[in-house]
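In mature numbering (1 follows the signal peptide of the UniProt record, and there is no 0), the protein residues as written are -22 to -1, 1 to 310.
Glycine residues also receive a C-beta, built at the ideal position from the N, C-alpha and C atoms.
Take a look at the structure below.
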Ligand code: AHR
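Here it is, written out as structure tokens:
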């Protein structure tokens, strides 16, 4: 209870300033009509949370944040499901939450497309769906709200750093993309490409590393075999793929951060450590600590209150000195 009362204050304490983007408010359910598990003053709110998987350090921090905020002490009964990066597992989990009659469904969609049917089923059952982290391309009337990060802006910040760093110099770039079809990968690519238009940066290659360390390493090995020392800069769409690439770069006899400059997205402790050590050159933050905000929104929605359609975390970016300064208090 104590934890729930202090939710918004806590959100401030972790420097997660979330902004409601008023693209039209949404009211769902209306008290006890929002499924049988919507809770009351005395009974906990039953919540089903379908998580993408455990592919990255970011994801683990996000899962911990959600589990801590949607816990018994805060008035929830959480059912957690790990989809292991598979859409069919998420669809099955959501159907099971509907059958269980939960009060709300929280779900981090692995990919952007293919959710219409299951979202319609949740709507027909009057169960509000809160998108957490990534977005979907479905009709916005099929879900209540999204709490996440601005992926396009993250990509744009990374691209701007590359364009500025190589201003007036020709540079060959390779990209480690996130999971194919995910909004995180799609939007980061859009933002990045926008920012490098008109620069002398040439994209030699761009392939998915599925947001994992191991695939980041494997794909970087392939890039190095193909392009060797002509690569000047790597854009890894998350820290983990960048960290995997470090092994490949060192094994090729090159020095990461010097022979190949590296920009990544997330800002995990491991990513900021690599930046502080000079192996990475720039890191754009993507805040995974969304749990308190999601919990507050779920409570409002099941109480029949109106919420905004989109809540975006404010993210920052780090150079080496900023990473060194941030590390001692970094939470994830
Ligand atoms: O959707 C957010 C992205 O997913 C994070 O950048 C990445 O690390 C995670 O796997």
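A distance of 7 Å or more separates the beta carbons of residue 257 and residue 222. Around the Cβ of residue 303, a 10 Å sphere holds fewer than 16 other Cβ atoms; the residue is exposed. Residue 94 counts as exposed, since fewer than 16 other beta carbons sit within 10 angstroms of its beta carbon. The beta carbon of residue 113 sits closer than 6 Å to those of 124, 161, all from its chain and outside the five residues before and after it, given in chain order. Looking at the backbone, the Cα of residue 107 and that of residue 148 are separated by about 47 Å. In this structure residue 29 is buried. Its beta-carbon is surrounded by 16 or more other beta-carbon atoms within 10 angstroms. In this structure, residue 214 has its beta carbon at no less than 6 Å from each heavy atom of ligand 1.
The continuous stretches of alpha helix (DSSP H) do not include residue 185, which lies in the beta strand (DSSP E) extending over residues 179 to 186. With fewer than 16 other Cβ atoms inside 10 Å of its own Cβ, residue 181 counts as exposed. Inside the region 140 to 216, DSSP marks whole alpha helix (DSSP H) runs of 4 or more residues at positions 161 to 174, 191 to 205, from first to last along the chain. For residue 32, no beta strand (DSSP E) encloses it, and the DSSP letter there is neither H nor E. In the structure shown, residue 270 falls within a helical segment according to DSSP collapsed to helix, strand and coil.
DSSP, reduced to helix, strand and coil, places residue 88 outside both helices and strands of the structure shown, so it counts as coil. Ranked by Cα distance from residue 230, the options 33, 157, 202, 89 are led by 202.
In this structure, residue 59 has its CB at a distance of at least 6 Å from all heavy atoms of ligand 1. One alpha carbon belongs to residue 171, the other to residue 105, and they sit about 38 Å apart. Relative to the non-hydrogen atoms of ligand 1, the Cβ of residue 189 comes within a distance shorter than 6 Å of at least one.
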